[in-house]
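In this note's numbering, the protein residues as written are 16 to 448.
No residue lacks a Cβ here, since even glycine has one placed at the ideal position from N, Cα and C.
One structure is given below, encoded as structure tokens.
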Amino acid sequence: MVAPGIWTTPLPAAAQSGGQPTIVDITRARTEPIPIAIPDMAGSPLGAQISRVITNNLRNSGLFRPVDRQAFIQTTESAAATPRFQDWRVIGAVALVTGRVDGTGDRLRVEFRLWDILPEQQALGTAYNATGSNWRQIAHIISDDIYKRMLGETGYFNTRIAYIAETGPRDRRVRRLAIMDQDGENNRFLTDGQFQALTPRFHPDATRIAFMSYQRNEPRVYLFNLESGRQEVLGNFGGMTLSPRFSPDGRSVVLSAVRGGDANIFVVDMASRRERQLTSGGGLDVSPCFSPDGTQIVFNSDRGGDQQIYVMDAGGGGARRISFGNGRYATPVWSPRGDLIAFTRIARGQFAIGVMRPDGSGERILSEGWGMEGPTFAPNGRVLMFYRESASRDNRGSGYSARLSSIDIAGFNERQIVTPTDASDPSWSPLIS
């Protein structure tokens, strides 16, 4: 079973004549996206919907180029039975996705095969069995299978995004906790907007979200359980608590607490709810984030007179500044790979999203604009999501909007994520498993 309610069965290799499998280097795929043919799956009208989700996922990655369907020569049904490789080679495809969808009642079976056109062999073959309501998740899982097989690294399509849904004028914004699939589908609001919500962050098991809420005018960190729909305050700690993030093992939460005019970083044990202070002294230490191995914490602080990024040991010692560019730095987040830290930089009235190595070297700006903030990594570390603010015009004069965007860590393929309302503070979940 690869995800709740979904079972897999390997399909035997079929119609192959040998040869070396094709794996494309990602650096090459950025400049020459992989041409892949994805006809509708045979057997059921649902097959067309599954194929379109796969097509959109791969196209949106910027690393694949789905071949125009009008160029297809072989029919859907015959390709699902036995591909005629010459028909796909002549239209420029190097890979082909075929499949069949069968189902009775609420039971669904999706057979999927990935074909390597040049050596004329099956690269992957799997049958997925699930309830009918899980068809979109199956499409995401298949997309991840193709991504991994063709590029040699884990995909990120079977994931969710937690974010803050915003409505209303800028000085009276209503901010609700919301969640959706990574492609913007299956959107739902988790809170009703009666109390403001901010900075959602996923638990490593993807079943809980930590966030900041202003319930009863007390800004504190809450936990939302996606399975039960229940929410609870993390603990009755003095002062404001904000900017939570879970540890890699999910057993604790690191956050900032404001007491006596200063903000310091604390770690809270999930089982006992006991807190332990990690930083002290004057200034504001906020936005902490664990390294993937749990041994270090990155945060931003004005302890040196200006807002900069620091890294310290997970126990609280050895803090060292790593940002030295022009401007102020905020919202640092560690890549799941451990090789990069993403950040927001504010300089000369401009915002930017960038990345640097954990020692501060190799700083690169990926995107700049009037207002942008809150980077979050896909679980494979390949893509960042953030939110971009913009001034707009409406019938009442000056307006305002906030939208989610994603971008490859190499700085290409920036695109907007469609949401039903304005959106901010995204958090990318781990792979759903």
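Backbone CA spacing between residue i and residue j [nearest angstrom]
i	j	result
L26	W103	22 Å
G170	R363	37 Å
T97	I41	30 Å
S267	A286	8 Å
G107	N75	20 Å
T310	Y325	14 Å
F261	A272	15 Å
Q323	P184	31 Å
P303	L73	33 Å
A393	P347	15 Å
S350	R187	34 Å
R447	I21	The question names Arg, but residue 447 is Ile in the sequence shown. Near 11 Å, if we compare the C-alpha coordinates of I21 and I447.
F305	V269	8 Å
G332	V283	17 Å
L241	R190	18 Å
P435	T391	20 Å
L293	D328	9 Å
G369	A425	10 Å
L111	I53	6 Å
S439	V105	45 Å
N428	S442	19 Å
R352	G320	31 Å
When the options are compared against residue i, the one with the closest alpha-carbon
i	options	result
S228	G320, V398, D207 and S420	D207
G472	D264, Y178 and A94	Past the boundaries of the shown model lies residue 472; the chain is included only from 16 to 448, so the question cannot be answered.
D437	S416, S420 and L446	S416
I51	V39, L61 and P60	V39
V398	T23, L78 and E47	L78
A221	V236, R235, A180 and T174	T174
Q137	D159, G265, N149 and R99	R99
P215	E200, P259 and E233	P259
Q101	I368, L133 and R245	L133
R430	R418, V105 and D440	R418
D308	D264, G331 and D83	D264
Y344	G396, M371, G353 and S243	M371
T46	D423, P435 and N395	D423
G396	G114, L111, E168 and N201	E168
I432	N149, L111, A44 and Q197	Q197
E233	L111, N202 and G250	G250
G330	E290, P60, R352 and G320	E290
N202	T182, S148, A177 and S420	A177
S14	V301, E388 and T113	Summary: the structure shown does not reach residue 14, with the chain confined to residues 16 through 448, and so no result is reported for it.
Cβ-based neighbour list, residue i, same chain, cut-off 6 Å, excluding 5 preceding and 5 following
i	result
N410	Model confidence at N410 stands at a pLDDT of 42, short of 50, so the residue's coordinates are unreliable and nothing is read from them.
S413	Below a pLDDT of 50, predicted positions are generally treated as unreliable, and S413, at 46, falls in that range; the measurement from the model is reported next regardless. So the list is empty, once near-sequence residues are dropped.
N341	A362
F210	S228, Y229 and Q230
T24	A142
E92	A57
Q365	E383
S444	T174, R175, F217 and A221
L299	A278 and D317
Any non-hydrogen atom of the ligand FAD closer than 7 Å to residue i Cβ
i	result
P60	The ligand FAD is absent from the structure shown, which contains no ligand whatsoever.
Neighbourhood of residue i by C-beta distance below 8 Å, restricted to the same chain and skipping five residues each side
i	result
A63	D55 and M56
L139	F127, R128, L129, D160, I161 and R164
P48	G77, L78, F79 and R80
Y237	A225, F226, M227, S228, Q230, Q246, E247, V248 and L249
Residue i at chain D interface by Cβ criterion, 8 Å
i	result
I312	Of the chains in the structure shown, none is chain D; there is only one protein chain.
Close-in-space but distant-in-sequence residues of the same chain around residue i (CB under 7 Å, 5 per side omitted)
i	result
F239	L192, L205, R223, I224, F226 and Q246
G199	I432, V433 and T434
Stretch pair the region 353–361 + the region 304–315: three plus CB contacts closer than 8 Å
yes
Any contact between the region 162–172 and the region 372–384? By contact I mean 3 or more CB pairs, one from each, below 8 Å.
no
Decide yes or no for the touch test of the region 62–74 against the region 144–162: beta carbon pairs closer than 8 Å, at least 3 of them.
yes
Would the region 249–258 count as touching the region 270–285 if we require 3 or more Cβ pairs under 8 Å?
yes
Are at least three pairs of beta-carbons, each pair with one atom in the region 81–90 and one in the region 117–134, less than 8 Å apart?
no
Under 8 Å: do the region 332–339 and the region 384–401 share three or more Cβ pairs, one atom per stretch?
no
Give, in chain order, every unbroken run of the beta strand (DSSP E) that is at least 3 residues long and sits entirely within the region 359–414.
365–371, 379–384, 386–392 and 398–409
I'd like to know if the region 130–148 and the region 391–408 are in contact, where contact means that at least 3 CB-CB pairs between them fall below 8 Å.
no
What are the start and end residues of each continuous beta strand (DSSP E) run of 3 or more residues lying completely inside the region 230–309, in chain order?
235–240, 246–248, 255–261, 267–274, 277–284, 290–292 and 300–305
Unbroken alpha helix (DSSP H) runs of length 4 or more, entirely within the region 27–88: which are they?
41–46 and 61–75
Length-filtered (3 minimum) beta strand (DSSP E) runs lying within the region 134–222
136–146, 175–182, 189–196 and 212–217
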